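The structure under discussion appears below in the form of structure tokens.
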Ligand code: SF4
Ligand code: SF4
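Numbering (the working numbering), first residue to last: 2 to 137.
Quick look at the structure:
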């Protein structure tokens, strides 16, 4: 069975990110698409990527990453909406490049689908009441 997941990799400073990710393709026949890469103020490397392949190889690839000291999180753990703050104003709908927000035509309520999020971060500043939060 083939799987495709968006994950966040946290690289300790000593690890060379690109070489490790390339081994996922070479040794485990996985396809990866880097969605975002940056370094935190603590100098931890962060890569947001979409990883696809056969479930068995995917699991092996994840095991390999963990053994090399990379911490892995699912993307949906990182971008969340604070439901108490959201006023359903809709400002995020046009700014989100992946269509993660949708307005219900009847209720006018805005829904957020974290599975569609590609971690661009645009909604964080665009949301007037600061309802969108990122947790790394
Ligand atoms: S911009 Fe913020 S407050 Fe407005 S609908 Fe989107 S998440 Fe809710
Ligand atoms: S981070 Fe980017 S892709 Fe994710 S919900 Fe916000 S605007 Fe959309």
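Each residue gets a CB set at the ideal place from its N, CA and C atoms; glycine is no exception.
Just so you know, these numbers come straight off a predicted model, no measurement behind them.
Determine the burial state of residue 153: buried for a count of at least 16 other Cβ atoms within 10 Å of its Cβ, exposed for fewer.
Here the chain comprises residues numbered 2 to 137, so residue 153 is not present and cannot be evaluated.
Am I right that residue 48 and residue 18 are in contact with their C-beta atoms under 8 Å? What's the rounded C-beta distance?
Yes, residue 48 and residue 18 are in contact; Cβ-Cβ is about 6 Å, under 8 Å.
Could you give the uninterrupted runs of the beta strand (DSSP E) lying entirely in the region 20-84, keeping only those of 3 residues or more?
Listed in chain order, they are 32-40, 46-55, 72-75, 80-82.
As a quick exercise: from 113, 82, 118, 101, pick the residue whose alpha carbon is nearest that of residue 132.
Taking only the C-alpha atoms, the option nearest residue 132 is 82.
Does the distance between the C-beta of residue 46 and the nearest non-hydrogen atom of ligand 1 fall short of 7 Å?
It does not: the Cβ of residue 46 is nowhere closer than 7 Å to a heavy atom of ligand 1.
Okay, do the region 2-17 and the region 38-57 touch, 3+ Cβ pairs below 8 Å being the bar?
Contact holds: three or more Cβ-Cβ distances are below 8 Å.
For residue 97, count the other beta carbons within 10 Å of its own beta carbon; 16 or more makes it buried, fewer makes it exposed. Which is it?
Buried.
Considering only heavy atoms of ligand 2, does any lie closer than 7 Å to the CB of residue 91?
No.
Roughly how many angstroms lie between the CA atoms of residue 86 and residue 130, to the nearest whole one?
Near 6 Å, if we compare the C-alpha coordinates of residue 130 and residue 86.
Considering only the beta carbon of each residue, do residue 93 and residue 127 sit closer than 8 Å?
Yes.
With H, G and I counted as helix, E and B as strand and the rest as coil, what does DSSP make of residue 10?
Residue 10 falls in the strand class under three-state DSSP.
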